[in-house]
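Student:
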Amino acid sequence: MVFKKKSVTGKKEDAKNKSWSPFQKLKNSLLKTRSKISSRIKDLLALKRNIDEGVLDELEVVLLESDIGVGLVTKIIEDVRCAWKAKKVEDTEGVYDFLKNDLKQSLKGGDSSLQIAAAPPTVIMVAGVNGVGKTTSIAKLANLFIKQGKKVMLAAGDTFRAAATEQLDIWSKRIGADIVKHQAGADPSAVTFDALEASLSRGTDVLIVDTAGRLHTHENLMNELTKMKRVISKRIENAPHEVLMVLDSTTGQNAISQAKLFKKAVDITGIFLSKLDGTAKGGAILGMRKEIDIPVKYVGLGEGIDDIQEFDADKFVDALFD
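According to this note's numbering, the stretch in the sequence shown is residues 17 to 338, in order.
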């Protein structure tokens, strides 16, 4: 991994980014998605007029073109229709706030907070296909824990992808995390077992286990993930405490298909949504609860190590629509 020297302009931009409040940072990362979703909805609802089936049809088209997903769009339109017929919402002026509240409720459900072990270490498996930003997301998560005063260890379990271990090793040195690694092509479960033993002996607070993103066929990959999870649960009771899947925001609805596939193999407990700042397809996150029933727990807002936030449904919708 090569780290480019930042220009003076880049340093000014970094300083500006650090001065933003967490909400402003989230709002800025959603700029492309906001222009695709809320701006079009605002244009549709700008002129105050009574709601009718024609307005609902127009709203449905806008939502369907926003990567929200057919299932959630169908529910939203029906919710607006019911509110209109119950005279809770009578004109387009009231639809905007109704939509925001409806989406907030749709995103809630399940526990979006990270599960922490009663006794350390908390073990977190991280899954995801190659190219979604898994290694960087692991580094961001580890750095977040370290800033909270926790001792963190990384297990380089993605032994099949060229340079994956090296990349994770570089990140571990940069952020001050321990790492357990083997040679390229080693058994990922063996790496995981050694990391479990090391974390127990060293008093580690959080162990983050990287996993392979591709093993030639989906069946081989899923079998390997299942094996790693079994190794963890045998060594530490109730572990892994979290199985996070990194999904690339830029892939939109395809990310949901990936999550469904992985969920069958290792029972994903939470989503880490990466690259949110680089896409207009962030609307896919709105339909995730309905489509896969897995809570989003973290979002990646940029390339920097600190560009990570715990997911908050209310703040996310507010940042998307305000």
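We put the CB at the ideal spot given by N, CA and C, even for glycine.
Quick check on D323: does DSSP put it in helix, strand or coil?
Tutor: Walking along the sequence shown from the start, residue 323 turns up at place 307. Residue state, collapsed to three classes: coil.
Student: Hey, which unbroken runs of the alpha helix (DSSP H) at 4 residues or more fall wholly within the segment 294-320?
Tutor: List check, alpha helix (DSSP H) in window: 304-308.
Student: Just checking, does the segment 289-309 make contact with the segment 172-179 on the three C-beta pairs under 8 Å criterion?
Tutor: Flag = no, the segment 289-309 and the segment 172-179 do not touch.
Student: Please classify T25 as buried or exposed, where buried requires at least 16 neighbouring CB atoms within 10 angstroms.
Tutor: Position 9 of the sequence shown, counting from 1, holds the residue named residue 25. Confidence is the limiting factor: at T25 the pLDDT is only 44, short of 50, which leaves the residue's position unreliable, though a coordinate-based value still follows. By the 10 Å Cβ count, T25 comes out exposed.
Student: Per DSSP, what are the beta-bridge partners of V222 in this structure?
Tutor: Position 206 of the sequence shown, counted from the start, is the residue given in the question as residue 222. For V222, which the question treats as bridged, DSSP gives the partners T138, V168.
Student: In terms of residues, what are the limits of the alpha helix (DSSP H) holding S247?
Tutor: By 1-based counting over the sequence shown, the position of residue 247 is 231. Going by the sequence as given, residue 247 is Val instead of Ser. From DSSP, the alpha helix (DSSP H) with V247 extends over 234-251.
Student: What first and last residue would you give for the alpha helix (DSSP H) that runs through E76?
Tutor: Within the sequence shown, residue 76 is the residue found at index 60, counting from 1. Per DSSP, E76 belongs to the alpha helix (DSSP H) from 69-80.
Student: At what residue ranges does the segment 172-217 contain a whole run of the beta strand (DSSP E), taking only runs of 3 or more?
Tutor: Counting whole runs of 3 or more residues, the segment 172-217 contains the beta strand (DSSP E) stretches 194-196.
Student: Could you tell me which whole alpha helix (DSSP H) segments of length 4 or greater appear in the segment 85-124?
Tutor: Those alpha helix (DSSP H) runs which fall completely within the segment 85-124 and span 4+ residues are 86-101, 108-123.
Student: With the cut-off set at 8 Å, would you say I132 and H257 are in Cβ contact?
Tutor: As a working note, residue 132 is residue 116 in the sequence shown. As a working note, residue 257 is residue 241 in the sequence shown. Result yes, Cβ atoms of I132 and H257 sit closer than 8 Å.
Student: Let me know the secondary structure DSSP gives S290 once reduced to three states.
Tutor: Taking the sequence shown and counting its residues from 1, one reaches residue 290 at position 274. In this structure, S290 counts as strand in the three-state DSSP scheme.
Student: Which value, in whole angstroms, describes the spacing of the CA atoms of F39 and G303?
Tutor: The residue given as residue 39 occupies position 23 in the sequence shown. The residue given as residue 303 occupies position 287 in the sequence shown. Answer to the nearest angstrom: the Cα atoms are 22 Å apart.
Student: Could you tell me which of F337, N236, G144 sits nearest to F278, measuring between CA atoms?
Tutor: Here the question's residue 278 lines up with position 262 in the sequence shown. With distances taken between Cα atoms, F278 lies closest to G144.
Student: Just checking my contact of I224 with L157 at CB under 8 Å: how many whole Å lie between their CB atoms?
Tutor: Along the sequence shown, read from residue 1 onward, the residue named residue 224 stands at position 208. Along the sequence shown, read from residue 1 onward, the residue named residue 157 stands at position 141. Confirmed, Cβ separation roughly 6 Å.
Student: Anyone know if the C-beta pair for M244 and P204 falls short of 8 Å?
Tutor: Start at 1 with the first residue of the sequence shown, and residue 244 comes out as number 228. Start at 1 with the first residue of the sequence shown, and residue 204 comes out as number 188. Yes, Cβ-Cβ distance for M244 and P204 is below 8 Å.
Student: In this structure, how does DSSP classify V333 when only helix, strand and coil are distinguished?
Tutor: Taking the sequence shown and counting its residues from 1, the one referred to as residue 333 is at position 317. Residue state, collapsed to three classes: helix.
Student: Just how far apart, CA to CA, sit I140 and G70?
Tutor: Residue 140 sits at position 124 when you count from the first residue of the sequence shown. Residue 70 sits at position 54 when you count from the first residue of the sequence shown. Near 48 Å, if we compare the C-alpha coordinates of G70 and I140.
Student: Can you give the Cα-Cα distance for K331 and F337, rounded to whole angstroms?
Tutor: Within the sequence shown, the letter at position 315 stands for residue 331. Within the sequence shown, the letter at position 321 stands for residue 337. Each residue's alpha carbon lies about 10 Å from the other.
Student: Quick one, are the C-beta atoms of V259 and F288 less than 8 Å apart?
Tutor: Taking the sequence shown and counting its residues from 1, one reaches residue 259 at position 243. Taking the sequence shown and counting its residues from 1, one reaches residue 288 at position 272. Not closer than 8 Å, so no.
Student: Our contact map puts L344 next to I154 with C-beta atoms below 8 Å; I'd like the distance itself, whole angstroms only.
Tutor: Nothing can be reported for residue 344: it is not among the residues displayed for the chain, which extend from 17 to 338.
Student: Identify which residue in F114, K297, A135, T152 has its Cα closest to the Cα of I186.
Tutor: Position 170 of the sequence shown, counted from the first residue, corresponds to residue 186. Selected option, being the one with the closest Cα: T152.
Student: Please check the pair S15 and M169, which I expect to be a contact at CB under 8 Å, by giving their CB distance rounded to whole angstroms.
Tutor: In the structure as shown, the chain starts at 17 and stops at 338, and residue 15 therefore has no counterpart that could be examined.
Student: Is E240 closer than 8 Å to A228 when the C-beta atoms are compared?
Tutor: Looking up residue 228 in the sequence shown gives position 212. Looking up residue 240 in the sequence shown gives position 224. Yes. Within cutoff.
Student: In its own chain, which residues sit with a C-beta less than 8 Å from the C-beta of G201, not counting the 5 before and 5 after it?
Tutor: Mapped onto the sequence shown, residue 201 falls at position 185. Counting only Cβ-Cβ distances below 8 Å, and skipping sequence neighbours, we find T175, F176.
Student: Measuring alpha carbon to alpha carbon, tell me which of L160, L47, S37, N146 ends up nearest I324.
Tutor: Within the sequence shown, the letter at position 308 stands for residue 324. Out of L160, L47, S37, N146, L160 has the C-alpha closest to the C-alpha of I324.
Student: According to DSSP, N270 sits in a beta bridge with which residue or residues?
Tutor: As a first step, residue 270 is located in the sequence shown; it is residue number 254 there, counting from the start. Paired residue(s): none; N270 is not in a bridge.
Student: Which residues in the same chain as A172 place their Cβ atom closer than 8 Å to its Cβ, once the five residues preceding and following it in sequence are excluded?
Tutor: For this step, residue 172 is matched to residue 156 along the sequence shown. If we look at A172 and ignore the five residues flanking it on each side, its Cβ neighbours are A180, T181, L184, D185, I195, V196, K197, H198, V207, D226.
Student: By how many angstroms is the C-alpha of S45 removed from the C-alpha of G318?
Tutor: Within the sequence shown, numbered from 1, the residue matching residue 318 stands at position 302. Within the sequence shown, numbered from 1, the residue matching residue 45 stands at position 29. Answer to the nearest angstrom: the Cα atoms are 7 Å apart.
Student: My understanding is that I57 touches V78, with C-beta atoms under 8 Å, so please give their C-beta distance in whole angstroms.
Tutor: To locate residue 57, count along the sequence shown from 1; it is residue 41. To locate residue 78, count along the sequence shown from 1; it is residue 62. Yes, I57 and V78 are in contact; Cβ-Cβ is about 6 Å, under 8 Å.
Student: Along the chain, where does the alpha helix (DSSP H) containing D264 start, and where does it finish?
Tutor: Taking the sequence shown and counting its residues from 1, the one referred to as residue 264 is at position 248. First-last for D264: 258-264, but that is the beta strand (DSSP E), not the alpha helix (DSSP H).
Student: By the DSSP assignment, the alpha helix (DSSP H) with S153 in it spans what residues?
Tutor: By 1-based counting over the sequence shown, the position of residue 153 is 137. Run containing S153: 150-163, per the alpha helix (DSSP H) assignment.
Student: For G149, I'd like the list of residues in its chain whose CB is within less than 8 Å of its CB, leaving aside the five on either flank, ordered along the chain.
Tutor: As a position in the sequence shown, residue 149 is number 133, starting the count at 1. For G149, where only same-chain residues beyond five positions count, the Cβ hits under 8 Å are V262, D264, S290, K291, G316.
Student: What three-state label does DSSP hand K27 in the structure shown?
Tutor: In the sequence shown, residue 27 corresponds to position 11, counting from 1. Because the pLDDT of K27 is 47, which lies under 50, any placement of that residue in the model is unreliable, and the number read from its coordinates should be weighed accordingly. It is helical.
Student: Classify R190: buried if its beta carbon has 16 or more other beta carbons within 10 angstroms, exposed otherwise.
Tutor: Position 174 of the sequence shown, counted from the start, is the residue given in the question as residue 190. Exposed: under 16 other Cβ atoms inside 10 Å.
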